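Enquirer:
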Amino acid sequence: YSLLGEKADRFSVNPDTGEVVTVVPLDREQTPIYYLTLVAQDSSPTQPKATAVSLTIIVKDINDNAPKFSSPRYTAYVPDSTEPGDFVFGAKAIDYDEGENSKINYYLQGEDAKKFIIDSANGVIRAARDLSNGKTTYQLQIKASDSGKEPQSVTADLVIHLWERQLFPSFRSSINTKFVLPEDIPEGRVITTLSASTPKHGPASNLIFGMAGGNVGEALRIEAHSGEVIVASGFDFETEPYYEAWIEVRDSDTPPLRSVIQLLINVTDANDNPPVMEAMIYNATVMEEEYPPLFVTKVAAKDADSGDNGQITYYLVNDFDESFIIDEYSGEINTNAKLDREDISSYELIVEARDQGKPMLSGSATVLISILDKNDNPPRFTRLFSVNVTENAEIGSFVIRITSSDQDIDENANVTYSFTDNPGEKFTIDSITGIVEVAGELDREEQDEYLLKIRAADGAWAAETTLTITIQDQNDNAPEFTESSYNFHFPEMQIRKSHVGQVTAADRDKQGPNSVISYSLLQPSDLFSVDPATGDIFSKKTIKYKHTKRPSSPENIYSLIILASDNGRPPLSSKATVSIIIVDANNHSPQFEQDSYLHPVPENLGIGRKIMKLSAKDKLDFGVNAEIEYSLFQGNASKYFSVEPSTGWVIVSKSIQGIPVGTVFTTEARATDKGVPPQSDQVPLVLIITGENKHAPMFAAVSYQVRVPENEPVNTTILTVNAMDRDSGPNGMIRYTLSSSSDSKEFSVHPITGAIMILEPLDYDTIQEYRLNITATDLGFESKTAMATLTINVSDINDNPPTFNQTIFEAYLPENSKPSSFVYKVIAKDIDSPKYAVIQYRILGGSGKEYFNIQQDTGIITSKISFDYEEANEYTLDIVAANPDTNPQMMGFTTVSVHITGVNEYYPKFIQPVFHMDVSESAEVGTSVGLVQATDQDAGDDGKVYYLFVGSSNDRGFSIGPESGIISVSRRLDRETQNRVILTVMAKNAGGIRGNDTDEAQVIISIQDGNDPPEFLQDNYQTSVSEGAMIGARVVTVRAIDKDVRPQNNQFSYSIIGGNVGQAFKVDPQSGDVETAKLLDRESMASYQLIIGAIDTGSPPQTGTATVRIELLDVNDNGPTFDPPEIVGYIKENEPAGTSIMTLTATDPDLPPNGAPFTYKLIGGKQADVVTLDKHSGVLRTTRSLDREVMPQLDLL
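Quick note on the UniProt record's numbering: the sequence shown kicks off at 1 and runs consecutively.
Next up, the structure:
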């Protein structure tokens, strides 16, 4: 629930319960009635619905206001001849309460009170005695008291002076003072004109007429100068049939003297009060199907008028085809026909009470009649019922809910359900809810369908229907794989989408969704996929075999878990593990270790004897792809020789006895791997028949010695050795090898020529001498060897320059140091032998070459002069270290950077003792005001100046940059509070203050008047305007002030700067009046939130803002429309009278009461007599049973 409307903020509504309570004290005298709208909205998150009702809150009066006199003291002048009963004074007080709380009674108090009397009702004071007794002044107190339960009162003083009678003005004696007037006499009518005279002359003779007393309710008024008595608020016969008014005429003397005259008015009745019903709404109940007349209710009305004007008769505005009658004199309502609740469940009668006056006036009331139900309709099932139930459903499982309807209501519509036929007692039904549940075990194979008979009874009537229950198969078998695990070998480097293997599963359920199997991977794979229908596994990308040293490598095995799921509800599934092993591809061929083979074969070597071993390797393949088999082919050797396929041993396969020595056999040796397809390599093989190997090789010398410079180029031959062997053939062929104890690889020997070469660069500084062994071996079947030694001496050369360990060195020398002061010592090193490692230093160049010396042998650098830091503080020296007496000369270079360090010789000094600055009071925090500056003749860090405020200057709203000296605003400034600030600034060097090493200056800052923005009297304005307001209608007035002093800053104008959608409003730039600029439409935009700016003329201009929220009040400018506009309903033929055809709905963009709720009415159509339309709900019902063959369509308007 929520509340809307003007001043709705004085109340709150509980959003859940709808309870409306006050949130502030109410004052009836300020607002006696509140007109609000109470909105009820449902909690739908997507299409919330709402309705609204007008809520009128009438504030009851309490006696919280005392009567008030217009003055605390009154003075009256009366003739000295005043007699008992003569008018003296007309007292008048007002009370802002109402009813009895505002009804005032008047009393007299004081020492002279007994000499006067006062009319307690109208306050007219008269003399009670003859006042001509010599006393000329009387003191009274007038008390006005209201009629509340706890009355409140007020008093006023009245002083009465007696004055000479002949000085008072007098009315004309022929004036008519009694009148008979109708109560409906129009306002402004002149009923008489009074005239008077005075004995005085001159200005004092100017006479003024006025009301002196009586005149209850301000019924009359009098023109002050003309004396015309005019009808003002008018008369009311019902409250005051007789009116009394005292009229005075007074002169213009001092004191003014007055005379009074009494007007008496007899008021006659007019028919100005309509009959008022005792209740606006009457509620009654009537039993249906009862014979008339049957008492319904009795209405009554009252009329405040009298006579014929107050005589009342009663009439029915609508009697629903004479279903009801009313006694015109008693107001008693009775039925005039039998009523059927199922046809019309309620009636809304409008009763009119009319008086007999002319013109006739009337009042009306609504009689709401609810028709009570009789059990005169049987229950009806809402549809035919059938349902599917799964076999093996648990006992107590929900099956279906049987529903029915009964046109009767309440206990007459309470239906109980029961089975009249329940074969097998497999099901139960709840007699109240109609819920059918499983009561026994269900087996589809035993029975797949049940036909149950159900009875619905309401106590007087009953109906039956059939419930069909079909038993459905349950998915109770999961698919089963043919194998629990699968292993597939998959060659590497296959193209994507290559077939890997297939998994299969079967399901024992019957045909249908429960047995249809789908295959899927439990976890997604980047490498493999499975066909959901067939179970075939395919590769998703090319996979390469990963080589490892282990025979069975897990890196080449991929495991997948495949699910086989059926399509049952719910689906069942099983798992199988699939291992995919990647197989290495045979990508490389074997390689023989030699390009060719030559080997001797001793004559008469026996069959089966091993001659030599062939060796080939397949290093890049693995497994079977790297397993090698050897074979011989072509040539003449295969007749006598063969090779073992797995080992490579060449053996004698046929006797060679008798074959002459020197016979040469040739063939091709082949090494083939076991891959698919196989790869191979082949080399030539030569076998020579030899005799006995009698002689060993012999060197020409047992030892060799050679000297080699360390810079000798690589691949240079430094020596060729030679050995001789007196055998012939292979027995005399020699091969050379080198060896050493240190495994040095700096040298090599040609195996055939014996030439010894340098393989790697030599370095005297690392190794000065090599000792090698040279071995000469013949090629006999049982070879023989000889050995010689080789000594190689490496000679040094000057091949290393002196080197510094840094390219640049940093040195420091205080300024003012004496000449010849030590600066730095540079050191270079030379790894050559001492002969070539002598170093000399000199200064080659740099900016300090002329100002520094270096000792040639030690590298010590000294100064030539005394230095001044402020003049120059850095010098560079280019130093060279060289080997003397070498050609070319070997040199090393470095740079020494000499830094002259300063001494703090000078202190900071401000450039002026006082700095003057100006700043606007509107300057933002952080705004720069000015700059102070001090100088220091020192250079470097010693000459760096730091600034700071001294003492209380730190709390004056400003800050200073410690290095820049810039003074900035640190808080908001206010010229009206402080228009000048004096600051003390200190300048110092880094570090602590040591004495007189600082300087101080004063800063005087004048704060100038700034341009502050105008300020609105309110930040937020809330108002409302009717959507029907004319263009130019004033909505609200905004007000702002500008406190600036300067005229150019405090002049401003108003402007709408935001929220003015469609330029619907405008604001007067001078007055601030916000007015409508266009016709408004609440349905297009219900509210506006304007941003009003007050913009001054300063430079730059400043803007103050306020928010104006304008709610548009609804007017009834939209008619309701049907939703949808074209309405089609359907009804089966032969349905009983009162059957609902449809419910009409309408929409209206206006708010309540201009919108919903709606009243529906049939206004035409050929078949309008066969339907009724409920005016409130919009439900369209039949009045009789329809026959489609006679009336296939109803056209209604």
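We put the beta carbon where it would ideally sit given N, CA and C, even for glycine. Remember, it's a predicted structure, so these values are computed and weren't measured experimentally.
1) Give every residue of the same chain whose Cβ lies closer than 8 Å to the Cβ of Glu-712, excluding the five residues on either side of it in the sequence, and list them in chain order.
2) Is any heavy atom of the ligand COA found at a distance shorter than 8 Å from the C-beta of Tyr-347?
3) Among Asp-999, Ala-1077, Asn-1020 and Ile-1004, which residue has its Cα nearest to the Cα of Ala-1029?
4) Between which two residues does the beta strand (DSSP E) carrying Pro-182 extend?
5) Applying the 10 Å Cβ sphere with the 16-neighbour rule, what's the burial state of Tyr-947?
6) Cβ of Leu-263 within 9 Å of Cβ of Ile-247?
7) Label Asp-373 either buried or exposed according to how many other C-beta atoms from any shown protein chain fall within 10 Å of its C-beta, with 16 as the threshold for buried.
8) Which term fits Leu-1090, buried or exposed, when burial requires 16 or more other beta carbons within 10 angstroms of its beta carbon?
9) Taking the alpha helix (DSSP H) that Pro-84 belongs to, which residues open and close that run?
10) Counting only beta-carbon separations shorter than 9 Å, does Asp-9 have a partner in chain B?
11) At 3 residues or longer, and completely inside the segment 448-482: list those beta strand (DSSP E) runs for me, N to C.
12) Have a look at Met-612, Lys-639, Ala-626 and Glu-668 and flag the residue whose alpha-carbon is nearest the alpha-carbon of Trp-649.
13) Whole angstroms are fine: how far does the CA of Pro-275 sit from the CA of Leu-361?
14) Could you give the uninterrupted runs of the beta strand (DSSP E) lying entirely in the UniProt domain "Cadherin" (278-381), keeping only those of 3 residues or more?
15) Given this structure, state the Cα-to-Cα distance separating Val-1170 from Phe-1158, to the nearest angstrom.
16) Assuming contact is defined by CB atoms lying nearer than 9 Å, are Leu-442 and Lys-426 in contact in what I supplied?
17) Using a Cβ-Cβ cutoff of less than 6 Å, which residues in the same chain neighbour Thr-75 once the five nearest sequence positions on both sides are dropped?
18) Asp-878 and Lys-849: beta carbons closer than 9 Å?
19) What are the start and end residues of each continuous beta strand (DSSP E) run of 3 or more residues lying completely inside the UniProt domain "Cadherin" (1-69), in chain order?
20) Can you give me the C-alpha to C-alpha distance between Glu-492 and Gln-679, rounded to a whole angstrom?
21) List in chain order: all unbroken beta strand (DSSP E) runs of 3+ residues lying wholly within the UniProt domain "Cadherin" (1017-1122).
22) With a threshold of 6 Å on Cβ separation, who are the neighbours of Val-981 within its own chain once the five nearest residues in sequence on each side are excluded?
23) Using a Cβ distance threshold of 8 Å, determine whether the segment 26-37 contacts the segment 52-64, with at least three qualifying pairs required.
24) Cα separation between Glu-290 and Glu-6?
25) I'd like to check one pair, Lys-298 with Ile-333: are the Cβ atoms closer than 9 Å?
26) Per DSSP, which residues does Arg-1181 bridge with? Please list them.
27) Could you pull out every unbroken beta strand (DSSP E) segment of at least 3 residues lying fully inside the UniProt domain "Cadherin" (70-171), listed in chain order?
28) For the segment 794-809 and the segment 620-631, state whether three or more C-beta atom pairs, one from each stretch, are separated by less than 8 Å.
29) Might you give, ordered along the chain, the residues of its own chain that have their beta carbon closer than 6 Å to the beta carbon of Leu-614, omitting 5 neighbours on each side?
30) Check for me: the beta strand (DSSP E) holding His-489 runs from which residue to which?
31) Give the single residue among Ser-485, Arg-258 and Gly-214 whose Cα lies nearest to the Cα of Ile-208.
32) Excluding the 5 residues preceding and the 5 following His-916 in the sequence, name in chain order all residues of the same chain whose CB lies nearer than 6 Å to its CB.
33) Answer yes or no: do Asn-215 and Ala-196 have a C-beta to C-beta separation smaller than 9 Å?
34) Over what stretch of residues does the beta strand (DSSP E) that includes Met-757 continue unbroken?
35) Our contact map puts Tyr-1151 next to Val-1025 with C-beta atoms below 8 Å; I'd like the distance itself, whole angstroms only.
36) To the nearest angstrom, how far is the alpha carbon of Val-1074 from that of Ala-50?
Expert: Judging by the given coordinates:
1) Ile-718, Ile-758 and Leu-762
2) With respect to the ligand COA, the structure offers nothing, as it holds no ligand at all.
3) Of the candidates Asp-999, Ala-1077, Asn-1020 and Ile-1004, the one whose C-alpha sits nearest the C-alpha of Ala-1029 is Ala-1077.
4) 178-182 is the span of the beta strand (DSSP E), which, as asked, contains Pro-182.
5) buried
6) yes
7) Asp-373 is buried by the Cβ-count criterion.
8) buried
9) No alpha helix (DSSP H) holds Pro-84; DSSP gives it neither H nor E.
10) In the structure shown, chain B does not exist; there is a single protein chain.
11) 449-457 and 462-472
12) Met-612
13) 7 Å
14) Unbroken beta strand (DSSP E) stretches of 3 residues or longer found wholly inside the UniProt domain "Cadherin" (278-381): 281-287, 295-298, 312-316, 324-326, 332-335, 346-355 and 362-372, given in chain order.
15) In this structure, the CA atom of Val-1170 is about 23 Å from the CA atom of Phe-1158.
16) yes
17) Result list for Thr-75: Val-159, in chain order.
18) Taking 9 Å as the Cβ cut-off, Asp-878 and Lys-849 qualify as a contacting pair.
19) If one requires a minimum length of 3 residues, the beta strand (DSSP E) runs lying completely within the UniProt domain "Cadherin" (1-69) are 2-4, 11-13, 20-22, 33-41 and 50-58, in chain order.
20) 17 Å
21) 1020-1026, 1034-1037, 1052-1058, 1065-1067, 1073-1076, 1087-1096 and 1103-1113
22) Cβ neighbours of Val-981 beyond the five flanking positions: Arg-956 and Ile-1005.
23) yes
24) 50 Å
25) yes
26) Ser-1140 and Thr-1172
27) Counting whole runs of 3 or more residues, the UniProt domain "Cadherin" (70-171) contains the beta strand (DSSP E) stretches 73-79, 87-90, 104-109, 116-118, 124-127, 137-146 and 153-163.
28) Output reads no: the segment 620-631 does not touch the segment 794-809.
29) Tyr-630, Gly-648 and Ala-669
30) 485-491
31) Arg-258
32) Ile-1004
33) no
34) Counting along the chain, the unbroken beta strand (DSSP E) around Met-757 starts and ends at 755-758.
35) Before going on, a small fix: residue 1151 reads as Leu here, not Tyr. Going by Cβ atoms, the distance from Leu-1151 to Val-1025 rounds to 15 Å, so no, they are not a contact pair.
36) 33 Å
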